[in-house]
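A.B. asks: This is the structure I want to talk about, given as structure tokens.
Protein chains in written order, with this note's numbering: chain A, 258 to 832; chain B, 258 to 832.
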């Protein structure tokens with residue numbers, strides 16, 4: 258490809274709404290064009306990058322016996338009604354009515370479609386296991402699209418669905434897919450991807466993992482043990498703390514005028530926040546009824562863990578916490594609390610003999626609360642956020658660290674949720690009808706491309722790994738108006754292409770600084786610079802985008818040498 | 258791939274709503290599964306076929322300097338408002354409102370998106386010409402989806418858009434693309450694809466061609482000259498007839514009781530229908546006002562030609578042709594016709610000195626109508642359907658033949674319709690702002706696959722050309738319970754795959770008749786049968802799906818021989 262004919266412009270500066278590096282560089286580099294909130298068109302370089310990623314994914318899916326299929330983007334609502342998700346998913350799902358007044362949806366995931374395709378065709382246990390996958394456009398009406406291709410509304414995704422006759426078989430396949438994912442990310446050149454245990458969310462199912470590319474701009478928060486293998490999304494990480502039980506004390510009501518926050522109370526009483534019981538109030542989405550969570554004063558509630566425990570959707574309580582409801586903001590405590598609220602006790606309070614909490618009365622707190630004595634037997638559950646230095650649930654050391662990550666892939670053990678709902682059965686070896694057990698496995702293609710840019714760039718542009726780079730070699734013609742230089746460039750361009758090398762040739766008559774700035778934005782691994790000066794010395798100047806090499810090679814035999822360089826770079830990604 | 262693990266079932270019979278052969282065979286063969294009207298999921302074999310077609314298309318598009326890009330499926334309505342098509346396209350376009358109440362559409366074509374992507378980035382004449390294309394899902398809410406993948410609502414399409422600074426440059430590129438299309442269809446193994454001149458329809462623009470795969474079940478009717486190169490869609494084919502002018506006669510009103518049709522009139526008057534002026538009544542969609550078309554008694558009106566001439570949308574008049582409107586059904590004629598209707602005279606009436614037409618009065622016709630004398634000077638336009646034996650507009654012989662075809666591709670010279678509407682300009686070499694001139698070029702991938710099946714099958718299944726066949730070789734293990742036979746099959750399977758051959762291996766313990774019926778439905782070009790009998794003779798049995806070869810080859814050296822066969826077959830499609 259010649260740059261003079263390549264559609265797309267490079268810019269010195271990014272628009273001010275590009276907040277993260279990869280977004281800035283991919284807009285500046287002519288990789289994408291904004292069309293609407295979370296909707297982009299992709300220029301040729303991005304299409305080449307994503308196609309390479311897709312091919313890597315396809316090869317790895319085929320290696321674990323995946324069958325590539327194609328599901329529709331537009332599906333009838335009835336299919337989603339069968340699984341219950343037509344109603345349980347909210348405005349994230351785009352819906353429309355077709356010309357015959359049928360309700361239709363745009364696919365945001367394809368469990369229903371996978372079961373629809375497999376149903377009636379895999380009727381004997383002998384047909385199992387199998388896995389089907391597709392690489393296709395999905396639409397999710399995200400409330401907050403951000404970060405360029407990191408979080409968009411329309412995206413290309415590889416989604417795979419496996420079907421099994423036993424949990425053991427699912428687990429075995431799950432492990433295979435786990436390994437395939439590790440290979441995919443390595444081959445695509447993502448350096449810092451780690452698998453973490455995750456919450457299964459709207460997919461249903463139990464065991465699941467997310468593959469997280471570690472990055473400060475990541476939306477996900479991860480708990481990672483520095484001493485052992487424990488790695489989990491915050492939402493799936495138990496919060497384990499050691500409590501100092503302390504002495505049993507008498508229950509004592511104290512006057513705490515206008516002392517409504519833990520901070521105020523800490524200053525007022527001059528005691529450790531670990532002795533406080535903090536109340537956090539939520540409301541159920543369904544009926545706005547209250548949920549009061551007590552957690553140790555120094556900790557926070559993790560809403561997803563709370564949501565999973567309650568089994569219903571909730572939101573933080575608004576200003577509508579009124580006295581009629583029996584809840585006194587700033588002075589909430591377990592003793593004499595209204596019975597209209599659901600009360601949840603976090604594990605962090607278990608075993609503390611004397612707690613300070615609100616007295617459910619304006620300007621008063623209790624000291625010396627002993628939950629068993631003053632409230633009765635309660636169940637303690639884990640709904641707190643873990644934190645830097647918390648106890649690792651696996652090795653037991655105070656070694657939890659907190660990191661940020663971008664979710665680039667996920668794998669779920671779904672169980673029979675969808676096969677049951679859609680009545681897909683097979684006959685087992687005793688002739689009994691059984692529901693197949695499913696797993697599902699996703700990778701966001703565009704997000705992976707942008708994430709790799711996020712971890713692999715400098716101030717001047719992306720540094721694409723050669724396995725997904727839009728082109729392998731860029732030729733920079735530093736004197737396009739010099740016929741001799743241009744002829745030499747054109748010869749090398751043709752020669753390299755004949756050798757099967759992917760070449761971008763910058764044939765424009767522009768200043769060297771301008772050309773090099775563009776080359777940095779293209780992020781091509783191998784750069785060949787040709788100028789009157791290099792030709793005088795009868796050589797080309799070669800440099801790698803990642804700065805690991807810079808030197809001159811003689812013109813004679815240059816194509817073979819460049820090819821060897823490309824092959825050596827590629828070999829690092831051939832697992 | 259082993260058949261025992263391949264998802265999808267083969268059937269003896271097709272559902273009764275499968276009306277055409279390719280649809281029947283692709284349902285019977287486990288190629289696709291119906292999800293909703295015009296919406297299908299595709300099993301692995303179909304995905305493999307369409308991917309091969311896509312790769313052929315991609316290679317040919319890249320050869321003519323195409324840049325592969327990616328446009329969104331979901332687009333903001335505002336983009337389509339700019340071109341005017343948000344309003345001009347009806348219920349074929351799916352529309353929905355997103356969570357923020359923005360009107361969105363599902364792309365049915367991407368002219369607007371192409372201009373959006375190219376606008377502001379190709380600002381100098383030196384940046385031209387260029388072509389961008391994508392291969393992606395489209396949704397068109399067809400009123401009548403039919404024929405399996407031939408006419409669906411959701412489909413994969415290659416759509417390309419070229420931009421030029423002069424009409425000459427567009428024409429030159431148009432010709433390149435024309436040739437690329439011919440190569441694509443040949444390489445994909447479509448035998449009977451011909452380019453025909455076409456009507457540009459909703460795309461706008463002037464010159465356009467459709468690539469038609471000739472097939473009796475085709476929805477398009479084509480006029481093809483048997484003597485010269487003339488080929489056109491009926492909608493774009495001039496209807497040329499020779500009139501016998503005859504003698505001038507006096508105008509005479511005749512009593513024709515209850516004689517309302519041309520047939521009745523022909524019997525009643527016993528004269529040639531070529532002397533009749535037939536009236537056909539339409540109404541404008543906008544206001545239901547009437548359009549009366551006069552055409553020679555033996556001819557029919559082509560609605561598209563009429564629509565293009567009028568420049569507005571029309572429909573055949575309903576029963577609502579009432580006397581108040583001045584139109585007397587069955588007795589309509591040009592003399593004394595109400596002035597409330599738009600009147601159109603077809604060229605077939607030009608020069609006839611004495612016509613028989615209705616008298617605009619119940620039970621009366623006129624004889625001897627001379628339009629110039631009795632009505633005045635009128636304009637004759639071409640709105641009639643051409644027919645078998647009509648005069649060829651190119652060579653002038655009576656050599657027009659009528660064929661049916663499936664449109665598998667189309668190319669349009671769009672002009673500046675979209676660049677003007679969306680205000681995309683570049684500076685020419687004099688520094689003046691100009692609108693780029695566009696061309697656009699489409700191929701339906703799934704439709705092409707189904708069309709090839711339609712022209713290349715027998716009663717038992719598809720006969721896939723090897724260039725797009727889901728696999729190149731099928732191994733049939735005729736005695737899967739025989740360890741010796743199975744080991745031999747497995748060995749060959751692995752060996753062929755190691756040689757880079759795509760192999761489907763039927764490893765199931767089923768009766769030979771059952772296995773062969775399935776093999777016919779798979780339609781794989783080369784079949785290798787292994788049984789105790791063939792192994793006794795130390796050979797394999799080879800046959801081609803198209804019946805052009807059947808024979809035995811010795812086990813020793815078989816893989817290399819099979820590879821040579823595959824390569825020879827493939828070479829026929831390497832242009």
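Yeah, the Cβ is synthetic: ideal placement off N, Cα and C, and Gly gets one too.
Any beta carbon of chain B sitting closer than 8 Å to that of residue 402 (chain A)?
C.D. replies: Position 145 of the first chain, counted from the first residue, corresponds to residue 402 (chain A). Chain B, which has no Cβ nearer than 8 Å to the Cβ of residue 402 (chain A), makes this no.
A.B. asks: Express the C-alpha separation of residue 762 (chain A) and residue 728 (chain B) in angstroms, rounding to a whole number.
C.D. replies: Translated into positions along the second chain, residue 728 (chain B) becomes position 471. Translated into positions along the first chain, residue 762 (chain A) becomes position 505. Answer to the nearest angstrom: the Cα atoms are 37 Å apart.
A.B. asks: Residues in the same chain with beta-carbon distance under 6 Å from residue 624 (chain B), minus the five sequence neighbours each way, listed in chain order, please.
C.D. replies: As a first step, residue 624 (chain B) must be located in the second chain, where it is residue number 367. If we look at residue 624 (chain B) and ignore the five residues flanking it on each side, its Cβ neighbours are 509, 511 and 613.
A.B. asks: Span of the beta strand (DSSP E) holding residue 340 (chain A)?
C.D. replies: Translated into the one-based positions of the first chain, residue 340 (chain A) becomes position 83. Where residue 340 (chain A) is concerned, there is no enclosing beta strand (DSSP E), although the alpha helix (DSSP H) it sits in stretches over 334-340.
A.B. asks: Going by C-alpha distance, which of A:259, A:285 and A:638 is nearest residue 710 (chain A)?
C.D. replies: Position 453 of the first chain holds residue 710 (chain A). The shortest Cα separation from residue 710 (chain A) among A:259, A:285 and A:638 belongs to A:285.
A.B. asks: Three or more C-beta pairs closer than 8 Å, one from the segment 642-659 of chain A and one from the segment 675-691 of chain A: is that the case here?
C.D. replies: With a cut-off of 8 Å, the segment 675-691 of chain A and the segment 642-659 of chain A do not count as touching, because too few Cβ pairs lie within range.
A.B. asks: Listed in chain order, which residues of the segment 264-280 of chain A have Cβ atoms closer than 8 Å to some Cβ of chain B?
C.D. replies: Result list: 264, 265 and 266.
A.B. asks: Decide if residue 597 (chain B) is buried, meaning its Cβ has at least 16 other Cβ atoms within 10 Å, or exposed.
C.D. replies: For this step, residue 597 (chain B) is matched to residue 340 along the second chain. Exposed, by the Cβ-count rule.
A.B. asks: Taking contact to mean 3 or more Cβ pairs, one atom from each stretch, closer than 8 Å, check whether the segment 536-543 of chain A and the segment 655-663 of chain A are in contact.
C.D. replies: As far as the Cβ criterion goes, the segment 536-543 of chain A does not touch the segment 655-663 of chain A, which means the pair count is below three.
A.B. asks: Using the DSSP secondary-structure output, state which residues sit across from residue 479 (chain A) in a beta bridge.
C.D. replies: Locating residue 479 (chain A) in the first chain gives position 222, where the first residue counts as 1. In DSSP, residue 479 (chain A) forms a bridge with A:490 and A:660.
A.B. asks: Quick one: grab the DSSP three-state call for residue 417 (chain A).
C.D. replies: For the purposes of this step, residue 417 (chain A) is taken as residue 160 along the first chain, with counting starting at 1. Correct three-state label for residue 417 (chain A): strand.
A.B. asks: Could you tell me whether any Cβ in chain B is nearer than 8 Å to the Cβ of residue 324 (chain A)?
C.D. replies: Working through the first chain from its first residue, we reach residue 324 (chain A) at position 67. For residue 324 (chain A), the answer is yes, since a Cβ of chain B falls inside 8 Å of its Cβ.
A.B. asks: Identify whether residue 763 (chain A) lies in helix, strand or coil by the three-state DSSP scheme.
C.D. replies: On the first chain, position 506 is the one that residue 763 (chain A) refers to. Residue 763 (chain A) falls in the strand class under three-state DSSP.
A.B. asks: Excluding the five sequence neighbours on either side, which residues of its own chain have a C-beta within less than 6 Å of the C-beta of residue 603 (chain B), listed in chain order?
C.D. replies: As a working mapping, residue 603 (chain B) is identified with position 346 in the second chain. If we look at residue 603 (chain B) and ignore the five residues flanking it on each side, its Cβ neighbours are 552, 640 and 641.
A.B. asks: By the DSSP assignment, the beta strand (DSSP E) with residue 363 (chain B) in it spans what residues?
C.D. replies: Residue numbering aside, residue 363 (chain B) sits at position 106 when the second chain is read from its first letter. Residues 360-363.
A.B. asks: Roughly how many whole angstroms lie between the Cα atoms of residue 283 (chain A) and residue 470 (chain A)?
C.D. replies: The residue labelled residue 283 (chain A) in the question sits at position 26 within the first chain. The residue labelled residue 470 (chain A) in the question sits at position 213 within the first chain. The straight-line gap from Cα to Cα measures roughly 18 Å.
A.B. asks: Over what stretch of residues does the beta strand (DSSP E) that includes residue 298 (chain A) continue unbroken?
C.D. replies: For this step, residue 298 (chain A) is matched to residue 41 along the first chain. Unbroken beta strand (DSSP E) run through residue 298 (chain A): 296-299.
A.B. asks: Helix or strand or just coil, what does DSSP make of residue 382 (chain A)?
C.D. replies: As a position in the first chain, residue 382 (chain A) is number 125, starting the count at 1. Residue 382 (chain A): helix per DSSP, three-state reduction.
A.B. asks: In chain B, which residues lie less than 8 Å from residue 379 (chain A) when you measure between Cβ atoms?
C.D. replies: As a working note, residue 379 (chain A) is residue 122 in the first chain. Those are 264, listed as they occur along chain B.
A.B. asks: Between the Cα of residue 719 (chain A) and those of A:266, A:267 and A:279, spot the shortest distance and give me the residue it belongs to.
C.D. replies: The sequence position of residue 719 (chain A) within the first chain is 462, counting from 1. With distances taken between Cα atoms, residue 719 (chain A) lies closest to A:279.
A.B. asks: Should the segment 436-453 of chain A be regarded as contacting the segment 466-485 of chain A, the criterion being three or more beta carbon pairs within less than 8 Å?
C.D. replies: Contact holds: three or more Cβ-Cβ distances are below 8 Å.
A.B. asks: Anything in chain B within Cβ reach of residue 374 (chain A), meaning under 8 Å, just list it in chain order.
C.D. replies: The count along the first chain starts at 1 and reaches residue 374 (chain A) at position 117. Near residue 374 (chain A) (Cβ distances below 8 Å), the residues of chain B are 264, 290, 298 and 300.
A.B. asks: Along the chain, where does the alpha helix (DSSP H) that runs through residue 367 (chain A) open and close?
C.D. replies: Start at 1 with the first residue of the first chain, and residue 367 (chain A) comes out as number 110. Looking at the DSSP string, residue 367 (chain A) is not in any alpha helix (DSSP H), and its letter there is neither H nor E.
A.B. asks: Compile a chain-ordered list of the residues in the segment 325-338 of chain B whose CB is closer than 9 Å to at least one CB of chain D.
C.D. replies: Included in the structure are the protein chains A and B, with no chain D among them.
A.B. asks: Output yes if chain A places a C-beta closer than 8 Å to the C-beta of residue 784 (chain B); else output no.
C.D. replies: By one-based count along the second chain, residue 784 (chain B) stands at place 527. For residue 784 (chain B), the answer is no, since every Cβ of chain A falls outside 8 Å of its Cβ.
A.B. asks: To which residues does DSSP link residue 636 (chain B) through a beta bridge?
C.D. replies: Locating residue 636 (chain B) in the second chain gives position 379, counting from the first residue. DSSP lists no partner for residue 636 (chain B).
A.B. asks: Kindly provide the ranges of any alpha helix (DSSP H) runs that are 4 or more residues long and lie completely inside the segment 606-631 of chain A, ordered along the chain.
C.D. replies: Counting whole runs of 4 or more residues, the segment 606-631 of chain A contains the alpha helix (DSSP H) stretches 628-631.
A.B. asks: Report all residues from its chain with a CB closer than 6 Å to the CB of residue 271 (chain B); omit the five preceding and five following residues, and keep chain order.
C.D. replies: Within the second chain, residue 271 (chain B) is the residue found at index 14, counting from 1. Counting only Cβ-Cβ distances below 6 Å, and skipping sequence neighbours, we find 281, 284 and 285.
A.B. asks: Which of helix, strand or coil does DSSP assign to residue 469 (chain B)?
C.D. replies: Here the question's residue 469 (chain B) lines up with position 212 in the second chain. Residue 469 (chain B) falls in the strand class under three-state DSSP.
A.B. asks: Would you call the CB atoms of residue 815 (chain B) and residue 797 (chain B) closer than 8 Å?
C.D. replies: In the second chain, residue 815 (chain B) corresponds to position 558, counting from 1. In the second chain, residue 797 (chain B) corresponds to position 540, counting from 1. Cβ distance < 8 Å, so residue 815 (chain B) and residue 797 (chain B) count as in contact.
A.B. asks: With 16 as the cutoff for other CB atoms within 10 Å, does residue 493 (chain A) come out buried or exposed?
C.D. replies: Residue 493 (chain A) sits at position 236 when you count from the first residue of the first chain. Residue 493 (chain A) should be labelled buried.
A.B. asks: My assumption, with CB atoms under 8 Å, is that residue 693 (chain B) sits in contact with residue 422 (chain B). Please give the rounded CB distance.
C.D. replies: As a first step, residue 693 (chain B) is located in the second chain; it is residue number 436 there, counting from the start. As a first step, residue 422 (chain B) is located in the second chain; it is residue number 165 there, counting from the start. With 8 Å as the limit, residue 693 (chain B) and residue 422 (chain B) qualify as a contact, their Cβ atoms being about 7 Å apart.
A.B. asks: If the criterion is Cβ atoms closer than 8 Å, does the pair residue 410 (chain A) and residue 516 (chain A) meet it?
C.D. replies: As a first step, residue 410 (chain A) is located in the first chain; it is residue number 153 there, counting from the start. As a first step, residue 516 (chain A) is located in the first chain; it is residue number 259 there, counting from the start. Not in contact: residue 410 (chain A) and residue 516 (chain A) (Cβ atoms no closer than 8 Å).
A.B. asks: Taking just the CA atoms, how far does residue 799 (chain A) sit from residue 456 (chain A)?
C.D. replies: The residue given as residue 456 (chain A) occupies position 199 in the first chain. The residue given as residue 799 (chain A) occupies position 542 in the first chain. Cα to Cα, the separation comes out at about 48 Å.
A.B. asks: Mind checking who residue 533 (chain B) pairs with in its DSSP beta bridge?
C.D. replies: As a first step, residue 533 (chain B) must be located in the second chain, where it is residue number 276. Answer by DSSP bridge pairing, in chain order: B:613.
A.B. asks: Residue 329 (chain A) and residue 383 (chain A): beta carbons closer than 8 Å?
C.D. replies: As a first step, residue 329 (chain A) must be located in the first chain, where it is residue number 72. As a first step, residue 383 (chain A) must be located in the first chain, where it is residue number 126. Contact flag unset, no.
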